[in-house]
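The structure appears below as structure tokens.
There are 2 protein chains.
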Amino acid sequence: MCAAERVVKSMLKEFDEAVKKKKKDSLPEEAQPDAKALREKLSSLQIQLKDHKLPVIVLLEGWGAAGKGGLIGRTIRELDPRFYTVATKGSSAEEEKRKPFLWKYFNKIPEEGKLTFFDTGWMQETVRAVEREELNKKALKARIVSINTFERQLTDNGYLLLKVFLHVSKKEQRKRLDKLEDDKNTAWRVSIHDRWQNLHYDDCLKDFDRCMEATSTDWAPWHIIDGNNRADAACELTALLVSAIENALQNGIPQAQVEPREFPLLKSKPLRKIDPNKSIEETEYEIKLKSLQNRLGELHNKLYRKKVPVVLAYEGWDAAGKGGNIRRITGALDPRGFEVHPIASPEPHEKARHYLWRFWTRLPKDGHIAIFDRTWYGRVLVERIEGFCTETEWKRAYTEINEFEKELSDWGAVILKFWVHIDKDTQLKRFEERQNTPSKQWKITDEDWRNREKWPAYEEAVDEMLQKTSTEYAPWYVIESNDKKYARIKTLQLLVDALEKALK
Amino acid sequence: MCAAERVVKSMLKEFDEAVKKKKKDSLPEEAQPDAKALREKLSSLQIQLKDHKLPVIVLLEGWGAAGKGGLIGRTIRELDPRFYTVATKGSSAEEEKRKPFLWKYFNKIPEEGKLTFFDTGWMQETVRAVEREELNKKALKARIVSINTFERQLTDNGYLLLKVFLHVSKKEQRKRLDKLEDDKNTAWRVSIHDRWQNLHYDDCLKDFDRCMEATSTDWAPWHIIDGNNRADAACELTALLVSAIENALQNGIPQAQVEPREFPLLKSKPLRKIDPNKSIEETEYEIKLKSLQNRLGELHNKLYRKKVPVVLAYEGWDAAGKGGNIRRITGALDPRGFEVHPIASPEPHEKARHYLWRFWTRLPKDGHIAIFDRTWYGRVLVERIEGFCTETEWKRAYTEINEFEKELSDWGAVILKFWVHIDKDTQLKRFEERQNTPSKQWKITDEDWRNREKWPAYEEAVDEMLQKTSTEYAPWYVIESNDKKYARIKTLQLLVDALEKALK
Chain A
1 MCAAERVVKS MLKEFDEAVK KKKKDSLPEE AQPDAKALRE KLSSLQIQLK
51 DHKLPVIVLL EGWGAAGKGG LIGRTIRELD PRFYTVATKG SSAEEEKRKP
101 FLWKYFNKIP EEGKLTFFDT GWMQETVRAV EREELNKKAL KARIVSINTF
151 ERQLTDNGYL LLKVFLHVSK KEQRKRLDKL EDDKNTAWRV SIHDRWQNLH
201 YDDCLKDFDR CMEATSTDWA PWHIIDGNNR ADAACELTAL LVSAIENALQ
251 NGIPQAQVEP REFPLLKSKP LRKIDPNKSI EETEYEIKLK SLQNRLGELH
301 NKLYRKKVPV VLAYEGWDAA GKGGNIRRIT GALDPRGFEV HPIASPEPHE
351 KARHYLWRFW TRLPKDGHIA IFDRTWYGRV LVERIEGFCT ETEWKRAYTE
401 INEFEKELSD WGAVILKFWV HIDKDTQLKR FEERQNTPSK QWKITDEDWR
451 NREKWPAYEE AVDEMLQKTS TEYAPWYVIE SNDKKYARIK TLQLLVDALE
501 KALK
Chain B
505 MCAAERVVKS MLKEFDEAVK KKKKDSLPEE AQPDAKALRE KLSSLQIQLK
555 DHKLPVIVLL EGWGAAGKGG LIGRTIRELD PRFYTVATKG SSAEEEKRKP
605 FLWKYFNKIP EEGKLTFFDT GWMQETVRAV EREELNKKAL KARIVSINTF
655 ERQLTDNGYL LLKVFLHVSK KEQRKRLDKL EDDKNTAWRV SIHDRWQNLH
705 YDDCLKDFDR CMEATSTDWA PWHIIDGNNR ADAACELTAL LVSAIENALQ
755 NGIPQAQVEP REFPLLKSKP LRKIDPNKSI EETEYEIKLK SLQNRLGELH
805 NKLYRKKVPV VLAYEGWDAA GKGGNIRRIT GALDPRGFEV HPIASPEPHE
855 KARHYLWRFW TRLPKDGHIA IFDRTWYGRV LVERIEGFCT ETEWKRAYTE
905 INEFEKELSD WGAVILKFWV HIDKDTQLKR FEERQNTPSK QWKITDEDWR
955 NREKWPAYEE AVDEMLQKTS TEYAPWYVIE SNDKKYARIK TLQLLVDALE
1005 KALK
């Protein structure tokens, strides 16, 4: 049963009742936790976050004028600015609109050992879209799946995620909006939406409730905090953070226990059953190259106009001819509409985040083509083979990658993935040629020779990758490349066909 | 005499005449350089760029529909995508408007060994602003100074900069616009501005001329390329690039021979004449802290509303109390309106660019406060002392930094710089305390002890820095911090005073 379909339980109403009850039999003041002591406790935990390389995300949502900014302000008062950031709604709304929904959030996830407070985020954006009727039922369902997947990927990859809703009553909200508007220095803080929300408080409450219920999971439950008293709220958030961090430091972040989603997998052949020895005649090559490039150029114009994003992923054996292949594609494209991303080993700030982060940040705008020369599949290839990640991690990655590509596909992206394939003899020949040609020597390194020795391990990893991640919406194509010209024509043809289909 | 005031020489008209003359006595076809050979030559130079760590910037400007995109496309055809990028007008116009003019361009400068093509850039943006009457005479003059400074800083720091204007006649432009509009797949490429430009071709020509003349410097002259024939243009650009790169590889990038600009320097005392032993009484501290923080909070609201950006730069001895000082500032601020940037040693992708790049990319939006915990002054402190840059480089940096801060100030930023000052005994006491307090041990490293041994060298460097970079628009303040509380109150007071003044 999908979370969105469950009977909606009013989390906020239940919370209100619990608060009322608690107020009746609340503790005497002296027994309540001391705000300053709590803040100092949180401050002292920071250095442990650093030592344990634990990244923490706090998503703070809530009513307009509930005091979210002030709450964060009070919570961070004793924190060292080296260890946290506050992420607010960006000012690059235009760019954000041209990227997948999750892009702006994935962009801002913290490095390990650091803390990011999201001052509203994916939940508010979703509820507002519902209110504006920009999301129909089906789209909302897909959105909820995206969010739950995003949050699960974060926690699975070691992020401590704390989701908090700051709750105030209708009356309190109106009072605060009035007060803000009375002062000309704060009047700008009251948006039309805040007023609208207060007028339609009950409907909005239902929307919040529905969204919270649908995204309250075992791995990322919601916490509701009473915002009617600012000092209490800060105390409560700090206490929540302290206990969540202490728990995570002691027990780690539990992995979500869910059945992996099913993806529409395509059948794939193991590499050993594929003969890389296909070839093309020179004249035919020249003619086809020209006509395919012309066609690709036209299609590029069209997809720019229709705002269709395209993602091309290149993997393959060293010296298989990826570079020349890519150049035959880019040669046909308007340079203002594509970008090639050569992927090497991650830099420190990249390694310190979710392994998909550096790909999320490099996504194309809609209407543009992003070509990745090596890709996120490094997780199940080089990282698997060299032991740069654990077995659990690379095994989990097949699902995570399918989810990632599904996200791109739902956004409207055309995705093609190429394994550029040669046999071992051809590789040797090309290595030796590189070695012996001064202008090509930079292309061959000791690492290439070491990788070559691991051919069988790579072959096994490639086969598993093809088998587990070739999907209808993001298929793998093995490109026979003993004859580079054949490989180029085949790739161009596949790309042109896919674009024709998508643009029909 | 300022470049903008010089009698305008029509570069484009002279060029047209030269082209006509050349056509009359042009070479026979077989003597003209071969396009493909040139492209291959350029391709083979790429690897030398990499080896010599030479970064290259090509600024391509020109008439609408002159074929800039196609020209870049043809030029890069044989290049390896790992070594170049094409920078186009961003889609985040909103964000760009909230940053200094040069921000978006500085952001996109290449790493060493790589090539960036700007498909229009700072010149077109300036000419359009003139056409729209958004820049008055004075603002245009300042803009020209900014551009010339930017380009000089690039070349001084080892960037090869090639500026090219792609020129077509009025008739040819109209023909091309008509043709583009006839095809529905390309019609979107013709903007209203293109048509407007063609109708006002002669006026626009004057604007281009004036801007080119004013920015044609010894270190970054303009090259005009005839765009009437596409193949010839590509040939010419490639030839230009090849010879510029060959020249740079052989002779290096010549430093601009110009008198450094004069800046309104403030008098500064050497550190030894400053007694860091000022103190404040506990009760007074508490009262002042509270009242200054309240006032700062109000001012923060006001500057947000008035879109005034604020840049705070913190430098100081290790253990001087920068962190706690910063926290007393941020504690008073709405966390949605500030960011603290802790600056450590640069990461590889940062080190591979102009040393100010990582600060340009971290500038605040207007209305926001950016606090730098250590700054661009690393160039004249740690980099000078540890020999991480050459003497020429750190000596040149005083001017470059003054220019950088002037740019920020002209944009409207309030800039304050704090040297947090303690004496050697106090440092020793604090080091030992950190050493002996388990929860503070992470704050003290071997490097801190090594730096301590270099106290006299640092003192000399600090004195020179204070003397050469304390300007009216970006003053240095020495903050006596043997008593951290005194230091906090002094900093807060200085900040509040500066904001009051700026917001009046």
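Residue numbers (our numbering), protein chains in the order written: chain A, 1 to 504; chain B, 505 to 1008. Glycine is no exception: its CB is placed at the ideal position from the N, C-alpha and C atoms.
N-terminal and C-terminal residue of the alpha helix (DSSP H) that P960 of chain B is part of: In the DSSP assignment, P960 of chain B falls within the unbroken alpha helix (DSSP H) covering W959 to T973.
| request: Flag this pair as touching only if the stretch 844-860 of chain B and the stretch 940-959 of chain B have three or more C-beta atom pairs under 8 angstroms; answer yes or no. | output: no
Practice task
Take every Cβ of the stretch 72-81 of chain A, pair it with every Cβ of the stretch 256-276 of chain A, and state whether three or more of those distances are shorter than 8 angstroms.
Solution key: Too few Cβ pairs lie closer than 8 angstroms, so no.
query = To the nearest angstrom, how far is it from the Cα of S10 of chain A to the Cα of D209 of chain A?
reply = Rounded to whole angstroms, the separation of the alpha carbons of D209 of chain A and S10 of chain A is 6 angstroms.
Taking the alpha carbon of I993 of chain B as the reference point, which residue from B:E786, B:A823 and B:L860 has its own alpha carbon closest?
B:E786
Beta-carbon within less than 7 angstroms of L249 of chain A's beta-carbon, same chain only, minus the 5 sequence neighbours each way: which residues are those?
Q48, H52 and L54
_Contacting positions in the stretch 853-879 of chain B - beta carbon closer than 8 angstroms to chain A_ = H853, K869, I875 and D877
**Prompt:** So what's V649 of chain B in DSSP terms, helix, strand or just coil?
**Reply:** helix
Practice task
Taking Y398 of chain A as the reference, give the member of A:V380, A:Q255 and A:Y159 with the closest Cα.
Solution key: Of the listed residues, the one whose Cα sits closest to Y398 of chain A is A:V380.
Checking contacts by CB at 8 angstroms: is R680 of chain B closer than that to chain A? no
Looking at chain B, which residues of the stretch 289-305 of chain A have a Cβ within less than 7 angstroms of any of its Cβ atoms?
E298, N301, K302 and R305
Taking its Cβ as the centre, do 16 or more other Cβ atoms sit within 10 Å of Y486 of chain A, making it buried, or is it exposed?
Looking at its Cβ environment, which holds 16 or more other Cβ atoms inside 10 Å, Y486 of chain A is buried.
If you pair each beta-carbon of the stretch 103-118 of chain A with each one of the stretch 597-617 of chain B, do three or more pairs fall below 8 angstroms?
no
Touching by the beta-carbon criterion (3+ pairs, under 8 angstroms), the stretch 241-259 of chain A and the stretch 458-469 of chain A: no
Environment of L932 of chain B [buried if 16+ CB atoms lie within 10 Å] = With fewer than 16 other Cβ atoms within 10 Å, it is exposed.
Checklist entry - What is the rounded straight-line gap between the Cα of A3 of chain A and the Cα of A220 of chain A? => result Confidence at A3 of chain A is low in this model, with a pLDDT of 44, below 50, so its placement is unreliable and the value that follows should be read with caution. One C-alpha to the other measures close to 13 angstroms.
Query raised in the report: Looking only at its own chain, which residues have a Cβ that is under 7 angstroms from the Cβ of A142 of chain A, when we skip the five neighbours before and after it?
Result: Cβ within range, chain order: D410.
Quiz item: Name the chain A residues that come within less than 7 angstroms of A597 of chain B, Cβ to Cβ?
Solution: What A597 of chain B touches in chain A: E94.
- Let me know the secondary structure DSSP gives W394 of chain A once reduced to three states. helix
Original post:
Buried or exposed: where does G321 of chain A fall if 16 or more other Cβ atoms within 10 Å of its Cβ makes it buried?
Top reply: Classification of G321 of chain A: buried, given that the 10 Å Cβ count is 16 or more.
Straight-line CA distance for R6 of chain A to L266 of chain A? With a pLDDT of 46 at R6 of chain A, under the threshold of 50, the modelled position of this residue cannot be trusted; read the value that follows with caution. Cα to Cα, the separation comes out at about 32 angstroms.
Original post:
Given G297 of chain A, which residues of its chain have a CB within under 6 angstroms of its CB, disregarding the five upstream and five downstream residues?
Top reply: A332
When the Cβ atoms of the stretch 88-106 of chain A are set against those of the stretch 184-191 of chain A, are three or more pairs found closer than 8 angstroms?
no
Next item on the list: With a cut-off of 8 angstroms on the beta carbons, I'd call G367 of chain A and G337 of chain A a contact; round off their distance for me.
Entry: The pair is a contact, with the Cβ atoms about 7 angstroms apart (cut-off 8 angstroms).
*asked:* Spatial neighbours of R888 of chain B within its chain, please: C-beta separation below 7 angstroms, excluding the five flanking residues on both sides.
replied: W898 and A965
### Query
Roughly how many angstroms lie between the CA atoms of K89 of chain A and T120 of chain A, to the nearest whole one?
Straight-line spacing of the CA atoms in K89 of chain A and T120 of chain A works out to 8 angstroms.
Using 8 angstroms as the limit for Cβ to Cβ distance, is V311 of chain A near chain B? At a cut-off of 8 angstroms between C-beta atoms, V311 of chain A does not count as an interface residue with respect to chain B.
Q) At least one CB of chain A closer than 8 angstroms to the CB of A508 of chain B: is that the case? A) With a pLDDT of 42 at A508 of chain B, under the threshold of 50, the modelled position of this residue cannot be trusted, and the question is left open.
Legend entry - Residue span of the beta strand (DSSP E) that contains P348 of chain A, given as start and end: From DSSP, P348 of chain A is part of no beta strand (DSSP E) but of the alpha helix (DSSP H) over P348 to K351.
Neighbourhood of V844 of chain B by C-beta, 7 angstroms cutoff - its chain only, sequence neighbours within 5 removed: I830, T834, I875 and D877
* Asked: How long is the line joining the alpha carbons of T982 of chain B and A817 of chain B, rounded to whole angstroms?
  -> Before going further, note that residue 982 of chain B is Val rather than Thr in the sequence given. C-alpha separation (whole angstroms): 12 angstroms.
#### Entry: Closer than 8 angstroms to chain B by CB, I76 of chain A
yes
Here's a check: name, in chain order, each residue in its chain whose Cβ is nearer than 7 angstroms to the Cβ of W959 of chain B, leaving out the five neighbours to either side. K928
With distances taken Cα to Cα, identify the nearest neighbour of L670 of chain B among B:D730, B:Q677 and B:W726. B:D730
- Item | 8 angstroms Cβ cutoff, W915 of chain B in contact with chain A | Closer than 8 angstroms: no.
Item to check | chain D contact residues for V86 of chain A, given Cβ-Cβ distances below 7 angstroms | outcome: Here chain D cannot be found, since the structure's protein chains are A and B.
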